[in-house]
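Enquirer: Protein chains in written order, with UniProt numbering: chain A, 1 to 254; chain B, 1 to 254. Glycine included, each C-beta is placed from N, C-alpha and C at the ideal position. This one's a predicted model, so the numbers in the text were calculated from it and none came from an experiment. Okay, handing you the structure first.
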């Protein structure tokens, strides 16, 4: 609503006081937004810096804009959250990645879980990853993120456990926790976050985790958490996690 | 995952020690779940009571089951949250209603906002409301709710303001709050909730609220809140609200 459109530009297209905008972004500016010379937009540098720029030239499908004002934005979650999502059916992973980006996730890992019905071959995976990289870019622009989340190649459990060595906090959403009376509340974990912690959140596919997976995750220090007392669908669980982390660290600060 | 399927049955189909299951539910039991005599399921009474029942008879498309054990479930949000969602484009309202039900909303109001592009005529509305009532029933069963959320007929701003007299807390998600440095944190409002409060949450459509709407909402004691520092899409905002309320009241309890 009356807000400037945002574009993520590669480092090499920033020149002193100007930015050069090419390809799809230039097309979007001239054809979709119908911007003209003297219109303003926001450009994001890969180093998470952003600036208000004013268009000075439009020629041969290239837009040139002058940097007018560097912005001091602080819109990234204070912790670095990665969602490892058990491959779900249909286009649910699109939804998780789009909404997860709006809610502040820093990266996504498509996780080939025991009960994932969908199987990816190499060709399918490449197409999917391309698609997800477009979704995170668009969702980052729309939600005014200053960083575009990373899409990892898909991982099986062994690869995920290896990757998990890079994280300070590891949790998994375990619906058995929601059903019992003896459970670990998600807030107990969030309260122990430190600034800039890397947090890995593993979510099962439609059928949940297999017992083998639960055992392996626990052995590797993944903490099972409850996400409220209701049973959430696989694609709803990561949104609950991200909204709660945002609420706790950005709104509540307790 | 190895959990009993749940069915919401009308009060008149509960007879002493037995329940009678008809129509779509009976079809689901016999054809989709392929249940047989002696299989178990969970039946919910409209008074929010639920029981494990065992099938004793299947005949002429009717299933009869014996009540074996009344359950003591507590899965409803401690406050009564209504989402008034500005009519969004496409099938986004399906998503809000399905996910909102999983996340504990008690009712939904389709809100005809100034900037809603979609218009509903009477015939379209009836079809839509039927569809939403099916979605809330299925999502309630899937997420183990003990109450099915209510779908209100659509309302314009005047009707919404009139309806709002029935609520103790009224808020609206205002993206201008996310952009400024002087904003009301959502947690300030949640901290003031009392048990069983009725909370009305108004969300704008894709284009946000019009300035007229913002003024009218404020005049009628709707509090503008920020939902984290990122800009959320219209269909993501209610999920943030519900997840945060669940997190605060059910997981954090602070």
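What runs of the alpha helix (DSSP H), each 4 residues or longer, lie entirely inside the stretch 7 to 33 of chain B?
Expert: Segments of the alpha helix (DSSP H) lying fully in the stretch 7 to 33 of chain B: 23 to 27.
Enquirer: Tell me whether residue 248 of chain B sits in a helix, a strand or coil according to DSSP, three-state version.
Expert: As a working note, residue 248 of chain B is residue 248 in the second chain. Of the three classes helix, strand and coil, the one that applies to residue 248 of chain B here is helix, per DSSP.
Enquirer: Do residue 102 of chain B and residue 48 of chain B count as a contact pair if the criterion is CB distance below 8 Å?
Expert: Against the second chain, residue 48 of chain B aligns to sequence position 48. Against the second chain, residue 102 of chain B aligns to sequence position 102. Result no, Cβ atoms of residue 48 of chain B and residue 102 of chain B do not sit closer than 8 Å.
Enquirer: Does DSSP put residue 100 of chain A in a helix, a strand or coil?
Expert: Taking the first residue of the first chain as position 1, residue 100 of chain A is located at position 100. In this structure, residue 100 of chain A counts as helix in the three-state DSSP scheme.
Enquirer: Please state if the CB of residue 201 of chain B and the CB of residue 96 of chain B are separated by a distance shorter than 8 Å.
Expert: Sequence index remark: in the second chain, residue 96 of chain B carries index 96 (1-based). Sequence index remark: in the second chain, residue 201 of chain B carries index 201 (1-based). Their beta carbons are not under 8 Å apart, which means residue 96 of chain B does not touch residue 201 of chain B by this criterion.
Enquirer: Straight-line CA distance for residue 256 of chain B to residue 250 of chain B?
Expert: For residue 256 of chain B there is no data in the structure shown, the boundaries of chain B being 1 and 254.
Enquirer: Express the C-alpha separation of residue 75 of chain B and residue 1 of chain A in angstroms, rounding to a whole number.
Expert: On the first chain, position 1 is the one that residue 1 of chain A refers to. On the second chain, position 75 is the one that residue 75 of chain B refers to. Unreliable placement is indicated for residue 1 of chain A, whose pLDDT of 37 sits below 50; the coordinate value is still reported in the next sentence. Going from the Cα of residue 1 of chain A to the Cα of residue 75 of chain B covers about 38 Å.
Enquirer: So, is the C-beta of residue 222 of chain B closer than 8 Å to a C-beta in chain A?
Expert: Locating residue 222 of chain B in the second chain gives position 222, where the first residue counts as 1. Closer than 8 Å: no.
Enquirer: Between residue 26 of chain B and the rest of its own chain, which residues show a CB-CB distance below 7 Å, the 5 nearest in sequence each way excluded?
Expert: Residue numbering aside, residue 26 of chain B sits at position 26 when the second chain is read from its first letter. Contacts found: 61, 62 and 63.
Enquirer: Helix or strand or just coil, what does DSSP make of residue 241 of chain A?
Expert: Taking the first chain and counting its residues from 1, one reaches residue 241 of chain A at position 241. Reduced to three states, the DSSP call for residue 241 of chain A is helix.
Enquirer: What does a CB cutoff of less than 8 Å around residue 69 of chain B pick up in its chain, not counting 5 residues either side in sequence?
Expert: Position 69 of the second chain, counted from the first residue, corresponds to residue 69 of chain B. Excluding residues within five positions, the ones whose Cβ falls inside 8 Å are 51 and 52.
Enquirer: Could you name the residues of the stretch 137 to 165 of chain A whose beta carbon sits closer than 9 Å to any beta carbon of chain B, in the order they occur along the chain?
Expert: Within the stretch 137 to 165 of chain A, the residues whose Cβ lies closer than 9 Å to some Cβ of chain B are 139, 142, 143, 144 and 145, listed in chain order.
Enquirer: Rank A:112, A:131 and A:123 by C-alpha distance to the C-alpha of residue 94 of chain A and give the top, closest one.
Expert: Position 94 of the first chain, counted from the first residue, corresponds to residue 94 of chain A. When each option's Cα is compared against that of residue 94 of chain A, the closest is A:131.
Enquirer: What does residue 99 of chain A reach in chain B if we use C-beta pairs closer than 7 Å?
Expert: In the first chain, the residue the question calls residue 99 of chain A occupies position 99. 236, listed in chain order.
Enquirer: So is residue 203 of chain B buried or exposed if we call it buried at 16+ other beta carbons inside 10 Å?
Expert: Taking the second chain and counting its residues from 1, the one referred to as residue 203 of chain B is at position 203. Counting Cβ neighbours within 10 Å, residue 203 of chain B comes out buried, since at least 16 surround it.
Enquirer: Is there a C-beta anywhere in chain B that falls below 8 Å from the one on residue 240 of chain A?
Expert: Here residue 240 of chain A refers to the residue found at position 240 when the first chain is read from its first residue. So, interface residue.
Enquirer: At a CB distance below 9 Å, what residues from the stretch 34 to 50 of chain A approach chain B? Give them in sequence order.
Expert: Per Cβ criterion, the list is empty.
Enquirer: Going along chain B in order, which residues have a C-beta closer than 7 Å to the C-beta of residue 75 of chain A?
Expert: Stepping through the first chain from its first residue, residue 75 of chain A is reached at position 75. Within chain B, the residues near residue 75 of chain A are 229 and 230.
Enquirer: Any beta carbon from chain A within less than 8 Å of residue 84 of chain B's own beta carbon?
Expert: Counting from 1 along the second chain, the entry for residue 84 of chain B is found at position 84. By this cut-off, residue 84 of chain B is not an interface position.
Enquirer: Can you give me the C-alpha to C-alpha distance between residue 244 of chain B and residue 111 of chain A, rounded to a whole angstrom?
Expert: Start at 1 with the first residue of the second chain, and residue 244 of chain B comes out as number 244. Start at 1 with the first residue of the first chain, and residue 111 of chain A comes out as number 111. Their Cα atoms are separated by approximately 26 Å.
Enquirer: Does residue 244 of chain A have its Cβ less than 8 Å from a Cβ in chain B?
Expert: The residue given as residue 244 of chain A occupies position 244 in the first chain. Cβ-Cβ to chain B under 8 Å: yes for residue 244 of chain A.
Enquirer: Looking at chain A, is there any beta carbon in it that lies within less than 8 Å of the beta carbon of residue 247 of chain B?
Expert: Position 247 of the second chain holds residue 247 of chain B. Chain A contact via Cβ: present.
Enquirer: Can you find a C-beta in chain A that's less than 8 Å from the C-beta of residue 233 of chain B?
Expert: Here residue 233 of chain B refers to the residue found at position 233 of the second chain. Interface residue, yes.
Enquirer: Relative to the alpha-carbon of residue 246 of chain B, which residue among A:213, A:186, A:191 and A:235 has its alpha-carbon at the smallest distance?
Expert: Residue 246 of chain B sits at position 246 when you count from the first residue of the second chain. Here the closest residue by C-alpha is A:186.
Enquirer: Using 8 Å for Cβ pairs, my map puts residue 160 of chain A next to residue 109 of chain A. What's the rounded Cβ distance?
Expert: Position 160 of the first chain holds residue 160 of chain A. Position 109 of the first chain holds residue 109 of chain A. That belief holds up - the Cβ atoms of residue 160 of chain A and residue 109 of chain A are roughly 7 Å apart, short of 8 Å.
Enquirer: Quick one: grab the DSSP three-state call for residue 135 of chain B.
Expert: Indexing the second chain from 1 puts residue 135 of chain B at position 135. Helix at residue 135 of chain B.
Enquirer: Who pairs with residue 173 of chain B in a beta bridge, going by DSSP?
Expert: Translated into positions along the second chain, residue 173 of chain B becomes position 173. Answer by DSSP bridge pairing, in chain order: B:225.
Enquirer: Is the stretch 31 to 45 of chain A touching the stretch 4 to 14 of chain A, taking contact as three or more C-beta pairs under 8 Å?
Expert: Contact holds: three or more Cβ-Cβ distances are below 8 Å.
Enquirer: In terms of residue numbering, what span does the alpha helix (DSSP H) encompassing residue 186 of chain A cover?
Expert: Within the first chain, residue 186 of chain A is the residue found at index 186, counting from 1. First-last of the alpha helix (DSSP H) with residue 186 of chain A: 186 to 190.
Enquirer: Using a Cβ-Cβ cut-off of 8 Å, state whether residue 1 of chain B counts as contacting chain A.
Expert: Counted from its first residue, the second chain places residue 1 of chain B at position 1. Its pLDDT being 37, under 50, residue 1 of chain B is placed unreliably by the model, and the measurement read from it follows with that caveat. Residue 1 of chain B counts as touching chain A.
Enquirer: Considering just the uninterrupted stretch of the beta strand (DSSP E) at residue 158 of chain B, what are its terminal residues?
Expert: Counted from its first residue, the second chain places residue 158 of chain B at position 158. Per DSSP, residue 158 of chain B belongs to no beta strand (DSSP E); it is in the alpha helix (DSSP H), 157 to 163.
Enquirer: Please report the straight-line C-alpha distance between residue 217 of chain B and residue 229 of chain A, rounded to a whole angstrom.
Expert: For this step, residue 217 of chain B is matched to residue 217 along the second chain. For this step, residue 229 of chain A is matched to residue 229 along the first chain. Each residue's alpha carbon lies about 33 Å from the other.
Enquirer: Find the nearest neighbour of residue 92 of chain A within the set A:118, A:77, A:106 and A:184, judged by alpha-carbon distance.
Expert: To locate residue 92 of chain A, count along the first chain from 1; it is residue 92. Checking every option, the nearest Cα to that of residue 92 of chain A belongs to A:118.
Enquirer: Using a Cβ cut-off of 8 Å (strictly closer), state whether residue 59 of chain A contacts chain B.
Expert: The residue given as residue 59 of chain A occupies position 59 in the first chain. For residue 59 of chain A, the answer is no, since every Cβ of chain B falls outside 8 Å of its Cβ.
Enquirer: Tell me which residues share the same chain as residue 31 of chain A and place their Cβ nearer than 6 Å to its Cβ, disregarding the 5 neighbours each side in the sequence.
Expert: Within the first chain, numbered from 1, the residue matching residue 31 of chain A stands at position 31. Closer than 6 Å at the Cβ level, and outside the excluded window around residue 31 of chain A, lies no residue.
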